[in-house]
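This report refers to the structure that appears directly beneath it.
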Amino acid sequence: MRLRNIKGATEAIESSPYCIQKPTEMKGFWKDYIKNDNPIHIEIGMGKGKFLMELASTNPDINYIGIERYTSVLYRAIQKMDENPLPNVKFICIDAGLLPDVFDEKSIDKIYLNFSDPWPKDRHAKRRLTSRQFLECYDKILKNDGTIEFKTDNVDLFNFSLEEAPAAGWKILASTYDLHNDESLNKGNIMTEYEEKFSSMGNPICKMIIRR
Ligand code: SAM
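Throughout the sequence shown, residue numbering follows the numbering used here, covering 1 to 212 in sequence.
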């Protein structure tokens, strides 16, 4: 998702109380900042934040941090938070490759990847958020028993991810090519913006859960 540059988005992010400014200066200071011992869950490539905010409103004892690299997209999430502020949600505007410079080692309990950009060309495989290069980044910040939950409607990206994760040393705990018809994996499922769009077009949704 890449919206056209939106006038004022950068300024809104820089002055938003929901956005963490200078995130690379947070490393080592998260506990002081968050002021609780609740788990931290992050969504990488959160888009406009519907999924994260719905999760956060039903799980007030979890800290949620949304990661999005485009200011124009994050701006939409900030507008939603202005309308309905949630104390357990923060946003960071960075590229996922920088996560190990932002978060403390082994400090994150769960990572969500939803409808990540597919990067279909082989030469762009390392840009996929489920590539071994990104899995290595997540390994640094995720607790040893932490999990990654990944949803997509793109079967090629899903098949790539099902092969890439074990090749990079991760275990597949569960997977399905048809989430919405999988009673067990679909329990409590919260739809993302893209999930609503693609499932309404008849595309089955794939999901996998992995752990090291
Ligand atoms: N997760 C949302 C959903 O399911 O509705 C949005 C999906 S959209 C296809 C993918 C989002 O991931 C875009 O907003 C894009 O800017 C963001 N993104 C892609 N690569 C990223 C990266 N390396 N770091 C941070 N965000 C990224």
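Glycine included, each C-beta is placed from N, C-alpha and C at the ideal position.
Own chain, CB closer than 6 Å to residue i, minus 5 neighbours either side, in chain order
i      : result
ILE210 : ILE148, ALA165, TRP170 and ILE172
GLU163 : none
ARG123 : none
Beta-carbon proximity of residue i to residue j, cut-off 8 Å
i      : j      : result
CYS93  : THR58  : no
THR192 : LEU185 : no
VAL73  : LYS50  : no
GLU196 : ILE205 : no
PHE160 : ARG128 : yes
ALA174 : MET201 : no
PRO100 : ILE141 : yes
GLN21  : GLU11  : no
VAL102 : LYS151 : no
ALA167 : PHE134 : no
PHE91  : CYS137 : no
ARG212 : ASP104 : no
Nearest candidate by alpha-carbon position, reference residue i, set the options
i      : options                         : result
GLY188 : PRO17, ILE44, LYS50 and LEU55   : LEU55
GLU83  : ARG69, LYS106, MET53 and ASP104 : MET53
ASN154 : ASP145, ARG123 and ASN114       : ASN114
GLN79  : ILE190, ALA9, GLN133 and GLU163 : ALA9
ASP145 : LYS106, GLU183 and ASN203       : LYS106
Enclosing alpha helix (DSSP H) for residue i [first to last residue]
i      : result
LYS31  : 30–34
ASN186 : 183–186
LEU173 : Looking at the DSSP string, LEU173 is not in any alpha helix (DSSP H); the run it does join, the beta strand (DSSP E), is 171–176.
LYS80  : 71–83
CYS13  : The question names Cys, but residue 13 is Ile in the sequence shown. That run of the alpha helix (DSSP H) goes 9–14.
Element boundaries [beta strand (DSSP E), containing residue i]
i      : result
PHE150 : 142–152
TYR112 : 108–114
Cβ-based neighbour list, residue i, same chain, cut-off 8 Å, excluding 5 preceding and 5 following
i      : result
HIS41  : LEU55, ILE62, ASN63, TYR64, ILE65, ILE108, ASP109, LYS110, ILE111 and TYR112
ARG69  : GLY45, CYS93, ILE94, ASP95 and ALA96
ASP216 : With the chain running from 1 to 212 in the structure shown, residue 216 is simply not present.
ASN38  : ASP61, ILE62, ASN63 and ASN88
Proximal residues to residue i (C-beta, below 7 Å), its chain only, five neighbours per side dropped
i      : result
SER131 : ALA125 and GLU164
LEU86  : MET53, ALA56 and SER57
> Do three or more CB pairs link the region 59–67 to the region 113–133 at distances below 8 Å?
Replying inline: For the pair of segments examined, the region 59–67 was found not to touch the region 113–133: the number of CB pairs separated by less than 8 Å stays below three.
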